[in-house]
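Visitor: Supplied in structure tokens, the structure appears directly below.
As structure tokens, this is what we get:
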């Protein structure tokens with residue numbers, strides 16, 4: 012009797028487990044249809060953008076996403092860089108990147124019909140850049156450690172090494188930052 016039960020268990024493990032896995036995998040795929048074409052269009056734009064800003068500004072993509080439920084509502088991109096920048100330099104960098112991306116989005120004929128609003132504006136983007144030292148530690152508190160352009164504003168933070176947390180430095184409306192920027196050369 013013992014051998015018969017062991018044989019059944021081996022059969023179940025050998026044949027039914029892979030079958031159950033295949034069934035589960037197919038059901039999971041059926042519940043998650045392929046992404047709509049506009050997600051692919053957004054990906055194509057952001058991939059090229061990320062490669063170009065990596066070359067131009069030495070900032071590197073490490074995450075992103077967005078709001079793509081019914082159309083292209085929001086696009087999120089997160090970058091890191093090894094730089095010591097003050098507020099004016101961080102402003103210039105984030106504005107250059109944001110304006111470049113907005114131009115690419117608004118000039119793309121494929122994605123245009125799927126944009127939540129046209130022209131797509133800074134209110135539809137969330138672009139952040141974190142600044143580190145070459146050994147991947149936070150920059151000195153006298154520099155901007157993080158800049159974030161989102162919802163029509165730009166936020167600048169430094170890093171408090173004693174408290175080990177970001178500290179708000181400055182906030183400004185995006186459109187005001189555009190007026191202030193006279194774009195010094197970013198190295």
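Numbering (this note's numbering), first residue to last: 12 to 198.
Positions of the beta carbon are idealized from the N, C-alpha and C atoms, including for glycine.
Would the beta-carbon of residue 106 fall within 9 Å of that of residue 60?
Guide: Here residue 106 refers to the residue found at position 95 of the chain shown. Here residue 60 refers to the residue found at position 49 of the chain shown. No, the Cβ-Cβ distance between residue 106 and residue 60 is not below 9 Å.
Visitor: Going by DSSP in three states, residue 160 sits in which element: helix, strand or coil?
Guide: In the chain shown, the residue the question calls residue 160 occupies position 149. Residue 160 falls in the strand class under three-state DSSP.
Visitor: For residue 172, tell me which candidate among 127, 184, 148 and 185 has the shortest Cα-Cα distance.
Guide: Along the chain shown, one-based indexing puts residue 172 at 161. Taking only the C-alpha atoms, the option nearest residue 172 is 148.
Visitor: Return the chain-ordered list of same chain residues with a C-beta closer than 7 Å to the C-beta of residue 181, the five sequence neighbours on each side being excluded.
Guide: Locating residue 181 in the chain shown gives position 170, where the first residue counts as 1. Cβ neighbours of residue 181 beyond the five flanking positions: 98 and 167.
Visitor: What residue range does the alpha helix (DSSP H) around residue 186 cover?
Guide: Position 175 of the chain shown, counted from the start, is the residue given in the question as residue 186. That run of the alpha helix (DSSP H) goes 185-191.
Visitor: Could you pull the start and end residues of the alpha helix (DSSP H) that residue 103 belongs to?
Guide: Within the chain shown, the letter at position 92 stands for residue 103. Looking at the DSSP string, the run of the alpha helix (DSSP H) that includes residue 103 is 98-118.
Visitor: For residue 63, name the three-state secondary structure that DSSP assigns.
Guide: Numbered from 1 along the chain shown, position 52 holds the residue referred to as residue 63. Correct three-state label for residue 63: helix.
Visitor: Output needed for residue 190: all residues of its chain with C-beta closer than 8 Å, excluding positions within five of it in sequence on either side, in chain order.
Guide: To locate residue 190, count along the chain shown from 1; it is residue 179. If we look at residue 190 and ignore the five residues flanking it on each side, it has no Cβ neighbours.
Visitor: Mind checking residue 62: buried by the 16 CB within 10 Å criterion, or exposed?
Guide: For this step, residue 62 is matched to residue 51 along the chain shown. Exposed.
Visitor: Just the Cα atoms here: how many angstroms apart are residue 185 and residue 142?
Guide: Here residue 185 corresponds to residue number 174 of the chain shown, with the count starting at 1. Here residue 142 corresponds to residue number 131 of the chain shown, with the count starting at 1. Roughly 20 Å between the two C-alpha positions.
Visitor: With a CB to CB cut of under 6 Å and the five nearest residues on each side skipped, what residues in its chain are close to residue 72?
Guide: Within the chain shown, the letter at position 61 stands for residue 72. The residues are 61 and 90.
Visitor: To the nearest angstrom, how far is the alpha carbon of residue 138 from that of residue 48?
Guide: Translated into positions along the chain shown, residue 138 becomes position 127. Translated into positions along the chain shown, residue 48 becomes position 37. Computed Cα separation, rounded: 23 Å.
Visitor: Once DSSP output is grouped into helix, strand and coil, what is the label at residue 150?
Guide: Within the chain shown, residue 150 is the residue found at index 139, counting from 1. Of the three classes helix, strand and coil, the one that applies to residue 150 here is coil, per DSSP.
Visitor: Is residue 179 helix, strand or coil by DSSP?
Guide: Translated into positions along the chain shown, residue 179 becomes position 168. Strand at residue 179.
Visitor: Which residues mark the beginning and the end of the beta strand (DSSP E) in which residue 135 is found?
Guide: Residue 135 sits at position 124 when you count from the first residue of the chain shown. Counting along the chain, residue 135 falls outside any beta strand (DSSP E), and DSSP gives it neither H nor E.
Visitor: Return helix, strand or coil for residue 171, following the three-state DSSP convention.
Guide: Start at 1 with the first residue of the chain shown, and residue 171 comes out as number 160. Residue 171: strand per DSSP, three-state reduction.
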